[in-house]
């Protein structure tokens, strides 16, 4: 059986069989296990700066694949998956409520 080593990462020989098993496991791993469920923490919003609140809002929109309106946001998230809608109403109610809390906090802090 042939053994392979990668001098930079491992000094232990790795068999082809183990490499194949690892690749198959990665391909068959259920996608739901890899992703995290959306669990917002609204209580910590007050400690964020205006810049952080803006980024958080845009990040939520980008991850939900809502089209970002400003050039600044598009530049910040140019590696995000392509948007699917301009409408925020495609978002689940929990996410819309969280965005409302982020925007309300930004408004109370008089962020522009």
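Residue numbers (full-length UniProt numbering): 1 to 112.
Built from N, CA and C at the ideal position, the CB exists for glycine as well.
- In the same chain as residue 84, and ignoring 5 residues on each side of it, the C-beta atoms closer than 7 Å to its own belong to 65, in chain order.
- Less than 8 Å separates the beta-carbon of residue 99 from that of residue 57.
- For residue 108, the enclosing alpha helix (DSSP H) has its first and last residue at 93-108.
- Just measuring C-alpha positions, the residue of 89, 41, 104 and 48 sitting nearest residue 61 is 89.
- Per DSSP, reduced to three states, the secondary structure at residue 15 is strand.
- Annotated as distal: residue 106 and residue 67, with beta-carbon spacing of 8 Å or more.
- In terms of Cβ geometry, residue 95 and residue 45 do not form a close pair [threshold 8 Å].
- Between the alpha carbons of residue 87 and residue 15 lies a gap of roughly 51 Å.
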